[in-house]
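**Student:** Sharing a structure below in structure tokens format, with a few things to ask.
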Amino acid sequence: MLSAIIKKRAYEFIFIFSIIFVLFALLFTQESLTRSVEIVDIKCPSKVKVGETFPVNIVFRTHGFNLIAVVQAYVSTGQAGQIGPYERTMVYMQNPGTSNITLSISEPFVVTKVDVIIEFLSPNGQGLATRTVTIEVET
Numbered sequence: 839m840l841s842a843i844i845k846k847r848a849y850e851f852i853f854i855f856s857i858i859f860v861l862f863a864l865l866f867t868q869e870s871l872t873r874s875v876e877i878v879d880i881k882c883p884s885k886v887k888v889g890e891t892f893p894v895n896i897v898f899r900t901h902g903f904n905l906i907a908v909v910q911a912y913v914s915t916g917q918a919g920q921i922g923p924y925e926r927t928m929v930y931m932q933n934p935g936t937s938n939i940t941l942s943i944s945e946p947f948v949v950t951k952v953d954v955i956i957e958f959l960s961p962n963g964q965g966l967a968t969r970t971v972t973i974e975v976e977t
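Residue numbers (the numbering used here): 839 to 977.
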């Protein structure tokens, strides 16, 4: 009889321990998979000339650990669907926080304004954050 009680308590202990282990494993897995990025600010000139290369400074904040992302910036004319040359780079951040990166892109189109599109993509191409800034073009 005493053996049956000890066996029952042992199974209860193992069951409770396994539930706690699974909960901690899910917590840490979810934290490492939650890699969200927030674009805080974009600094670029308000006017550029056709063919001019200009810097785009992106201030961003991460909310998860071990962020690996591709940051790319390019110009687009909007309705015409023309997409200009782009620059991209990889970003690695181990801890949540704020950082910035500067990319240089050029404006090849003879139009009055273009959209500068900034995208953060995961290594498999999933979109993490996107933001657009419109700038004027001097001809």
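Ideal placement from N, C-alpha and C gives every residue a C-beta, glycine not left out.
Classify Ala863 as buried or exposed, calling it buried when 16 or more other Cβ atoms lie within 10 Å of its own Cβ.
**Tutor:** Numbered from its first residue, the sequence shown carries residue 863 at position 25. Classification for Ala863: exposed.
**Student:** Would you decide whether Glu850 is buried or exposed? Buried here means 16 or more other CB atoms lie within 10 Å of its CB.
**Tutor:** As a working note, residue 850 is residue 12 in the sequence shown. Exposed is the call here.
**Student:** If you follow the beta strand (DSSP E) that Val971 is part of, which residue opens it and which one closes it?
**Tutor:** For the purposes of this step, residue 971 is taken as the residue at position 133 of the sequence shown. Segment Gly965 to Glu976, the beta strand (DSSP E) holding Val971.
**Student:** Three or more C-beta pairs under 8 angstroms: does that hold for the region 897-911 against the region 927-936?
**Tutor:** yes
**Student:** Is the Cβ-Cβ distance between Ile956 and Ile858 less than 8 angstroms?
**Tutor:** Here residue 956 is taken as the residue at index 118 of the sequence shown, counted from 1. Here residue 858 is taken as the residue at index 20 of the sequence shown, counted from 1. No, they are not a contact pair.
**Student:** In this structure, does DSSP put Val954 in helix, strand or coil?
**Tutor:** For the purposes of this step, residue 954 is taken as residue 116 along the sequence shown, with counting starting at 1. In the three-state scheme derived from DSSP, where H, G and I count as helix and E and B as strand, Val954 is classed as strand.
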